[in-house]
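Add 3 to a position in the sequence shown, counting from 1, and you land on the number used in this note's numbering. We put the CB at the ideal spot given by N, CA and C, even for glycine. Source: prediction; values computed, not measured. One structure is given below, encoded as structure tokens.
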Amino acid sequence: MCNGEEAPAVAKNRRNGKLLAFGWYGGKYSHLDWLLPLLPPAHHYCEPFGGSAAVLLNREPSPVETYNDIDGEVVNFFRVLRDYPDELIRRIALTPFSRKELEIACAESTDRLSDIERARCFYVRARQTRTGLAQRATPGRWAYCVATSRAGMAGAISRWFGGIEELFYIADRLLRVQIENLPAIEVIQKYDSENTLFYCDPPYVHQVRGDRNAYAYEMSDWEHIQLAEVLHSVKGKVALSGYRCELMDRLYRDWFCTEAPPRTCHSVKRVRQEVLWTNYNPQEAIRWNQSRSLKSATKKLQLDLIKP
Numbered sequence: 004m005c006n007g008e009e010a011p012a013v014a015k016n017r018r019n020g021k022l023l024a025f026g027w028y029g030g031k032y033s034h035l036d037w038l039l040p041l042l043p044p045a046h047h048y049c050e051p052f053g054g055s056a057a058v059l060l061n062r063e064p065s066p067v068e069t070y071n072d073i074d075g076e077v078v079n080f081f082r083v084l085r086d087y088p089d090e091l092i093r094r095i096a097l098t099p100f101s102r103k104e105l106e107i108a109c110a111e112s113t114d115r116l117s118d119i120e121r122a123r124c125f126y127v128r129a130r131q132t133r134t135g136l137a138q139r140a141t142p143g144r145w146a147y148c149v150a151t152s153r154a155g156m157a158g159a160i161s162r163w164f165g166g167i168e169e170l171f172y173i174a175d176r177l178l179r180v181q182i183e184n185l186p187a188i189e190v191i192q193k194y195d196s197e198n199t200l201f202y203c204d205p206p207y208v209h210q211v212r213g214d215r216n217a218y219a220y221e222m223s224d225w226e227h228i229q230l231a232e233v234l235h236s237v238k239g240k241v242a243l244s245g246y247r248c249e250l251m252d253r254l255y256r257d258w259f260c261t262e263a264p265p266r267t268c269h270s271v272k273r274v275r276q277e278v279l280w281t282n283y284n285p286q287e288a289i290r291w292n293q294s295r296s297l298k299s300a301t302k303k304l305q306l307d308l309i310k311p
């Protein structure tokens with residue numbers, strides 16, 4: 004996929020058509036309906052702060068795609084899922100939903116594990132802990148159920164099995180994605196071009212969040228300033244997520260600012276409002292995405308009409 008040919012779409016035959024690998028602090032899975040229309044098409048789509056890859060997995064594929072995260076654990080998981088899906092998913096499917104399994108996964112030293120077993124342990128930490136804090140998982144955060152049930156079993160176990168089924172679709176989607184494990188600024192400078200769209204979802208500024216120790220790799224205010232300087236110098240398009248605060252408003256005062264619908268944030272027990280700063284007019288992206296959706300719906304209708 005290096006010559007600009009059309010990217011193949013990945014079938015999504017689940018209930019809501021969305022892919023979720025695992026929960027992630029600050030992840031954008033719950034914001035997809037608002038966020039995706041604001042991202043324009045691009046020959047190269049790049050996520051320097053990939054995290055759970057919720058946006059990449061649910062966006063229409065670009066001819067060239069790059070996922071990056073500085074966290075080697077999440078990068079190893081996605082790389083192994085892409086390259087060895089059958090063996091990894093088999094091992095995960097044989098893993099009980101158990102506090103002891105979470106305890107073992109948290110205690111294991113990754114240095115002495117194979118890449119596949121390291122990926123399995125990461126998934127246990129990500130999927131068997133409350134609030135999706137794989138980076139800071141502990142046995143005390145095991146996501147057990149007292150009364151909630153679904154599909155004839157405890158709700159937590161039902162979610163565990165449902166997540167495993169999703170992995171086959173996610174592995175298929177990742178086949179066409181370049182996976183990096185570098186500092187975000189290095190990736191931005193490496194992949195910058197006029198045909199690149201960077202979607203950046205860095206750690207929230209400390210003053211606007213409830214959990215000051217949620218990320219395995221934090222960012223200081225100074226590092227946010229350095230990031231802003233780099234993003235202001237790129238040739239490509241940039242979309243950056245965050246919360247409004249004095250620092251972010253100052254750093255991106257010359258960019259377009261689009262506010263999401265207010266939502267209750269459980270970590271701070273109050274209503275919060277995500278923001279997307281862009282160095283391009285987001286209304287143009289909305290119009291293009293609406294036009295593409297209409298063309299896609301028309302094509303589907305035409306195909307349905309000619310079916311025997």
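Best match in the options for proximity to residue i [C-alpha to C-alpha]
| i | options | result |
| --- | --- | --- |
| Asp224 | Leu91, Glu120, Arg253 | Arg253 |
| Trp291 | Leu177, Glu63, Leu23 | Glu63 |
| Phe125 | Met156, Val78, Ala57 | Val78 |
| Glu183 | Asn61, Gly155, Gly30, Tyr194 | Tyr194 |
| Val274 | Ala108, Arg212, Ala122, Ala96 | Arg212 |
| Val58 | Ser112, Leu35, Arg121 | Leu35 |
| Ile167 | Arg93, Lys31, Ala288 | Arg93 |
| Gln210 | Phe201, Asp204, Cys203, Met222 | Met222 |
| Arg85 | Ser161, Ile289, Leu170 | Leu170 |
| Asn61 | Gly165, Glu226, Leu22 | Leu22 |
| Ser112 | Ile289, Leu41, Glu76 | Glu76 |
| Ala187 | Asp175, Gly54, His47 | Gly54 |
| Leu185 | Gly165, Ser196, Tyr220 | Tyr220 |
| Val208 | Cys260, Glu249, Arg121, Pro265 | Glu249 |
| Tyr48 | Thr267, Ile95, Pro88, Glu68 | Glu68 |
| Leu39 | Ala122, Arg266, Thr261 | Thr261 |
| Arg102 | Ala56, Leu91, Met251, Arg130 | Arg130 |
| Gln286 | Ile95, Gln229, Leu41 | Leu41 |
| Lys238 | Glu120, Arg266, Ala96, Tyr283 | Tyr283 |
Per-residue burial, residue i [other beta carbons within 10 Å of its own, 16 or more giving buried]
| i | result |
| --- | --- |
| Thr128 | The question names Thr, but residue 128 is Arg in the sequence shown. Buried, because 16 or more other Cβ atoms sit within 10 Å of the Cβ of Arg128. |
| Thr199 | buried |
| Gly20 | exposed |
| Asp204 | buried |
| Pro43 | buried |
| Ile73 | buried |
| Pro206 | buried |
| Phe164 | exposed |
| Ile228 | exposed |
C-alpha distance - residue i paired with residue j, whole-angstrom precision
| i | j | result |
| --- | --- | --- |
| Thr132 | Leu177 | 24 Å |
| Gly7 | Pro66 | Any reading at Gly7 needs caution, since the residue's pLDDT is 38, under 50, leaving its predicted position unreliable; the model's value is listed next. One C-alpha to the other measures close to 6 Å. |
| Val180 | Tyr70 | 7 Å |
| Met156 | Pro99 | 14 Å |
| Ala12 | Ser117 | Since pLDDT at Ala12 reaches only 40, below the 50 mark, its modelled position is unreliable, and the value read off the structure follows with that caveat. Cα-Cα distance, rounded: 32 Å. |
| Glu50 | Lys240 | 12 Å |
| Ile173 | Ala159 | 21 Å |
| Gly29 | Ser161 | 24 Å |
| Ala231 | Phe80 | 29 Å |
| Ser236 | Asp114 | 38 Å |
| Glu9 | Tyr202 | Confidence in Glu9 is poor, its pLDDT being 39 and thus under 50, which makes the residue's placement too unreliable to answer from. |
| Ile107 | Arg82 | 22 Å |
| Ser294 | Pro88 | 35 Å |
| Glu197 | Trp37 | 25 Å |
| Arg256 | Ala24 | 34 Å |
| Glu189 | Glu226 | 13 Å |
| Leu234 | Ala110 | 38 Å |
| Met251 | Ala96 | 43 Å |
| Trp258 | Ala122 | 38 Å |
| Pro265 | Gly26 | 20 Å |
For residue i: DSSP bridge partner residues
| i | result |
| --- | --- |
| Thr98 | In DSSP, Thr98 forms no bridge with anything. |
| Ser244 | Leu279 |
| Cys260 | Trp280 |
| Glu183 | Asn71 |
| Arg313 | Outside the displayed range of the chain (4 to 311) lies residue 313, so it cannot be described from this structure. |
| Cys124 | Paired residues: none, contrary to the question. |
| His34 | None; His34 has no bridge partner. |
| Cys49 | Thr69, Phe201 |
Closer than 6 Å: residue i CB and nearest the ligand SAM heavy atom
| i | result |
| --- | --- |
| Asp175 | The ligand SAM is not part of this structure, which contains no ligands at all. |
On the three-pair Cβ rule with 8 Å, is the segment 271-285 touching the segment 240-247? yes
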